[in-house]
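Chains as they are written, first to last, in the numbering used here: chain R, 22 to 301; chain A, 3 to 294. Below: one structure, written as C-alpha cells.
Encoded structure:
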C-alpha cells in the first residue's frame, strides 16, 4: 500500500507520515516513511510518502500512484496536480468540510476547525495532522484505532487536547463515493540548455500566494499612503497605484508584516481557509 | 517614490523572512548595480533553482567557505574589464561567523574593494535550526537543546581589529537606517562590512508578522547595538545613539526574550546572565566610542 501526503510546512506532514509508518509496523507490517524535502520552509507545499507492506520494501522512490492520498491543507484541494496518479481504487482523505470529486472514494473531515477548537495551533498556524490521523482510520488503512492512538500519544504525549482532537477526527470523518475521471499529466521536457545560467523571473517558488493562511486587505479609507507596508514587505508585492495601495495576491504569502507596521491600522486580516470551487 | 524592484516576488523565502526583506532594501540602495555572491545559506534557496532567479542582478552561488574569496575574484575580473558595479557578499551568520571566517578575514586584511553583508539570524536556519557562533547564550537550537551555554562571538568587533574603512551594524527593525548605511558604504572604497540582525520567525519561534517588531525590540532592549565605524572612528547610530546618550532607558530584556520560543525555558539566573553580557558589551562599545 502506498500513501502520499500533501500539506504545507508547519502542518505536521512529515510527522504524520512517520506516525502512520510506525503504527503499521506495530501491526506487524513492514513500513517506510520519507519526506520530500526542498529546504525547510514553513508555509511552502510539502509532500511525504509512506509505504506499508506484508513483505520487505525495496522500493525507495517517491509515490507516484498512491493507494491513499492525504491532503492536510484545504487550499491545496483546489490544485489538480496534488491528485496526480490516483487510480480507480484509490482513496482520498481530505481536510475539508465538504467532499470533492477527486477520487472514487473520498473521506473528509474539517480537521483545521478541530485543530483550532482544541488549541493545536503553532505560531498562528493550525496543525491538523492529529485529527487527520483519526480520519485516516476510515480509509482502508490496515491500522487499528488502538495502535494509531498509541503512536499518536507516543509522539505528542497523552495531552487531553491530542486525544480528544484525534477522537473527533475519527468520529467526524465522513465517507463518500464520488464521480471520478482519471487525470493524465504530461511530463515536462528535459532542459536543453547546456550552461546553467538562471534568468531573473517572478515566482521562482511558484505562485506563492498559495502559501497564504491569512490575507492582508487594505482599507483605503484609513490608508494615508505612508508606504511603510511597501518598505517592509519581504516579497515586494505591494505597489502604489493611482487608486492607492495594491497587493499582488498571486505572490503575497500573507506574512502580515504590512499590517504590523501600518501606523494607521489600515490593513485588515482576512481568513483564507475554506474550499473554493475545485479547479477541474 | 517607487523605484524598480531587484528582488522579484514569488521567492522561496518563508513567511515574514528578514533576509528577503533586507536584501530587497539593499538592492534598491545599490540601484541594482551589484554582483551578489551568495554562499550556502537560506538565500541560496530563496533566490530559486535553475533556470530561474529571484534576483534581477547577477548572482554567483559560491561554496560555503569561499564567499569573500569568490567576491575578490569577481572584483578583479570587473576591474580587468573596466566594468562598474559593487561586488556584494550576502551571507548568513553560518557563512560569516563559522564556515566563511577565514576567507572573510583574508579579504579584509588584503583590503579588497568589496561590500560584505552578513544577515545574522543567530543560527543555521536553512538546515532546520542548528547552533552557530552567533547564537546567543541560553538560546534553544536543535543542537543546544537545553539552551546554549556559551555567549556569542562578535564578528563586527573582529573586523575592527582588521582596521577596515567601514563597519556597521543594522537591524531588520530599522530598514531606513539599513538603507542609509548601504548608501554610505557605497561611497567608501575598500573592504566594508555590514551586519544585520535578522529575526527568523520559524527559527526563533515567533509569529511571522513580528519580524520587524522583534528587530526593533532587540535594539530597544539593548540586546543589539546599532553603530558604525568609519575609518576607525566609532559612533552609535539611531536608537542606540539615543540610549548611549542616556536620553532613553533600555527596555527590560524580558520583553524581547519572552516573545521568542527559543528562550521560553530560561531561568531567572539565565536572564540575569544575558543581562550582564549585554551590559558588558555596552561598556566595551562605549569605551571604544570615547577612545576613538
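Quick reminder that beta carbons are idealized off the backbone N, C-alpha and C, glycines included. None of the values given here were measured: they were computed from a predicted structure.
Within-8 Å CB hit, residue 3 of chain A to chain R: Here residue 3 of chain A corresponds to residue number 1 of the second chain, with the count starting at 1. Only weak support is given to the placement of residue 3 of chain A: the predicted model assigns it a pLDDT of 42, under 50, and the value that follows is read from those uncertain coordinates. Yes, contact with chain R.
Span of the beta strand (DSSP E), counted from its first residue to its last, around residue 171 of chain A: Position 169 of the second chain, counting from 1, holds the residue named residue 171 of chain A. Counting along the chain, the beta strand (DSSP E) containing residue 171 of chain A begins and ends at 168-173.
For residue 70 of chain R, the nearest candidate out of R/24, R/146 and R/259 (CA to CA): The count along the first chain starts at 1 and reaches residue 70 of chain R at position 49. Residue R/24 is the option with its Cα nearest to residue 70 of chain R.
Own chain residues within Cβ distance below 6 Å of residue 136 of chain A, not counting five before or after: Start at 1 with the first residue of the second chain, and residue 136 of chain A comes out as number 134. Only 95, 99, 122, 124 and 154 meet the Cβ criterion.
For residue 126 of chain A and residue 145 of chain A, the rounded distance between their alpha carbons: Counting from one through the second chain, the residue named residue 145 of chain A turns up at place 143. Counting from one through the second chain, the residue named residue 126 of chain A turns up at place 124. Computed Cα separation, rounded: 10 Å.
Close beta carbons around residue 272 of chain R, own chain, < 8 Å, minus the five adjacent residues each side: Residue 272 of chain R sits at position 251 when you count from the first residue of the first chain. So the list reads 223, 224, 228, 229, 230, 256 and 258, once near-sequence residues are dropped.
Neighbouring residues, chain A, relative to residue 220 of chain R (Cβ below 9 Å): If you number the first chain from 1, residue 220 of chain R lands on position 199. Residues of chain A passing the Cβ test: 53, 54 and 55.
Listed by chain order, chain A residues near residue 223 of chain R by CB distance under 7 Å: Residue numbering aside, residue 223 of chain R sits at position 202 when the first chain is read from its first letter. 10, 11 and 12, listed in chain order.
Residue 137 of chain R to residue 147 of chain R span [Cα, whole Å]: Taking the first chain and counting its residues from 1, the one referred to as residue 137 of chain R is at position 116. Taking the first chain and counting its residues from 1, the one referred to as residue 147 of chain R is at position 126. Distance between the alpha carbons of residue 137 of chain R and residue 147 of chain R is about 6 Å.
Given residue 76 of chain A as reference, the closest of A/11, A/255, A/50 and A/117 once Cα atoms are compared: Residue numbering aside, residue 76 of chain A sits at position 74 when the second chain is read from its first letter. When only C-alpha atoms are compared, the closest one is A/117.
Backbone secondary structure at residue 123 of chain A - three-state DSSP: Mapped onto the second chain, residue 123 of chain A falls at position 121. Looking at residue 123 of chain A - three-state DSSP - the assignment turns out to be coil, as it is neither helix nor strand.
For residue 13 of chain A and residue 41 of chain A, believed in contact at Cβ under 8 Å, the rounded distance: Along the second chain, read from residue 1 onward, the residue named residue 41 of chain A stands at position 39. Along the second chain, read from residue 1 onward, the residue named residue 13 of chain A stands at position 11. About 18 Å separates the two Cβ atoms, so there is no contact after all.
Supposed close pair residue 130 of chain R, residue 95 of chain R - CB separation, criterion 8 Å: On the first chain, residue 130 of chain R is found 109 positions in, with the first residue counted as 1. On the first chain, residue 95 of chain R is found 74 positions in, with the first residue counted as 1. About 11 Å separates the two Cβ atoms, so there is no contact after all.
Identified DSSP bridge partners for residue 235 of chain A: In the second chain, counting from the first residue as 1, residue 235 of chain A sits at position 233. Answer by DSSP bridge pairing, in chain order: A/232.
Residue environment, residue 229 of chain A, which counts as buried when at least 16 other CB atoms sit within 10 Å: Residue numbering aside, residue 229 of chain A sits at position 227 when the second chain is read from its first letter. By the neighbour-count rule (16 or more Cβ atoms within 10 Å), residue 229 of chain A is buried.
Contact set for residue 168 of chain R: own chain, Cβ-Cβ below 8 Å, skip 5 residues either direction: To locate residue 168 of chain R, count along the first chain from 1; it is residue 147. For residue 168 of chain R, where only same-chain residues beyond five positions count, the Cβ hits under 8 Å are 44, 47 and 48.
Contact the segment 184-196 of chain A vs the segment 246-266 of chain A: 3+ CB pairs below 8 Å: no
Expected contact under 8 Å - CB spacing of residue 93 of chain A and residue 102 of chain A to nearest Å: Counted from its first residue, the second chain places residue 93 of chain A at position 91. Counted from its first residue, the second chain places residue 102 of chain A at position 100. That belief holds up - the Cβ atoms of residue 93 of chain A and residue 102 of chain A are roughly 6 Å apart, short of 8 Å.
Residue 55 of chain R (DSSP reduced to helix, strand or coil): The count along the first chain starts at 1 and reaches residue 55 of chain R at position 34. Of the three classes helix, strand and coil, the one that applies to residue 55 of chain R here is strand, per DSSP.
Test: residue 178 of chain R CB closer than 8 Å to a CB of chain A: Stepping through the first chain from its first residue, residue 178 of chain R is reached at position 157. Closer than 8 Å: no.
Backbone secondary structure at residue 198 of chain R - three-state DSSP: For the purposes of this step, residue 198 of chain R is identified with residue 177 of the first chain, where counting begins at 1. It is a strand residue.
Contact set between residue 37 of chain R and chain A, taken where Cβ atoms lie within less than 8 Å: Your numbering for residue 37 of chain R matches position 16 in the first chain. Residues of chain A passing the Cβ test: none, with the nearest at roughly 18 Å.
Exposed unless 16 or more other CB atoms sit within 10 angstroms - verdict on residue 163 of chain A: By one-based count along the second chain, residue 163 of chain A stands at place 161. The residue is exposed, with fewer than 16 neighbouring Cβ atoms inside 10 Å.
CB contact below 8 Å: residue 26 of chain A versus chain R: The sequence position of residue 26 of chain A within the second chain is 24, counting from 1. Chain R, which has a Cβ nearer than 8 Å to the Cβ of residue 26 of chain A, makes this yes.
CB contact below 8 Å: residue 269 of chain R versus chain A: Position 248 of the first chain, counted from the start, is the residue given in the question as residue 269 of chain R. By this cut-off, residue 269 of chain R is an interface position.
Cross-strand partners of residue 9 of chain A (DSSP beta bridge): Position 7 of the second chain holds residue 9 of chain A. DSSP, once it has assigned bridges, lists A/57 as partnering residue 9 of chain A.
Inter-residue spacing [alpha-carbon to alpha-carbon] between residue 288 of chain R and residue 238 of chain R: Within the first chain, numbered from 1, the residue matching residue 288 of chain R stands at position 267. Within the first chain, numbered from 1, the residue matching residue 238 of chain R stands at position 217. Straight-line Cα distance between these residues: approximately 5 Å.
DSSP three-state assignment for residue 17 of chain A, whether helix, strand or coil: Locating residue 17 of chain A in the second chain gives position 15, where the first residue counts as 1. Coil.
Span separating the alpha-carbon of residue 78 of chain R from that of residue 22 of chain R: Mapped onto the first chain, residue 78 of chain R falls at position 57. Mapped onto the first chain, residue 22 of chain R falls at position 1. Going by the C-alpha atoms only, they are around 10 Å apart.
Among A/291, A/34, A/161 and A/60, the one whose alpha carbon lies nearest that of residue 104 of chain A: As a first step, residue 104 of chain A must be located in the second chain, where it is residue number 102. Residue A/161 is the option with its Cα nearest to residue 104 of chain A.
Reduced DSSP secondary structure (H/G/I, E/B, other) of residue 290 of chain A: Against the second chain, residue 290 of chain A aligns to sequence position 288. Of the three classes helix, strand and coil, the one that applies to residue 290 of chain A here is helix, per DSSP.
Residues that residue 63 of chain A bridges to, as DSSP identifies them: If you number the second chain from 1, residue 63 of chain A lands on position 61. In the DSSP output, where bridge partners are listed per residue, residue 63 of chain A has A/40.
Span separating the alpha-carbon of residue 174 of chain R from that of residue 186 of chain R: Walking along the first chain from the start, residue 174 of chain R turns up at place 153. Walking along the first chain from the start, residue 186 of chain R turns up at place 165. Spanning the two alpha carbons is a distance of roughly 12 Å.
Per-residue burial, residue 131 of chain A [other beta carbons within 10 Å of its own, 16 or more giving buried]: Sequence index remark: in the second chain, residue 131 of chain A carries index 129 (1-based). Classification for residue 131 of chain A: buried.
Any beta strand (DSSP E) of 3 or more consecutive residues that is wholly inside the segment 187-255 of chain A: 194-199, 229-232 and 235-238
Residue from A/279, A/197, A/173 and A/73 whose Cα sits closest to the Cα of residue 112 of chain A: For this step, residue 112 of chain A is matched to residue 110 along the second chain. If we check each option's Cα against that of residue 112 of chain A, A/73 comes out closest.
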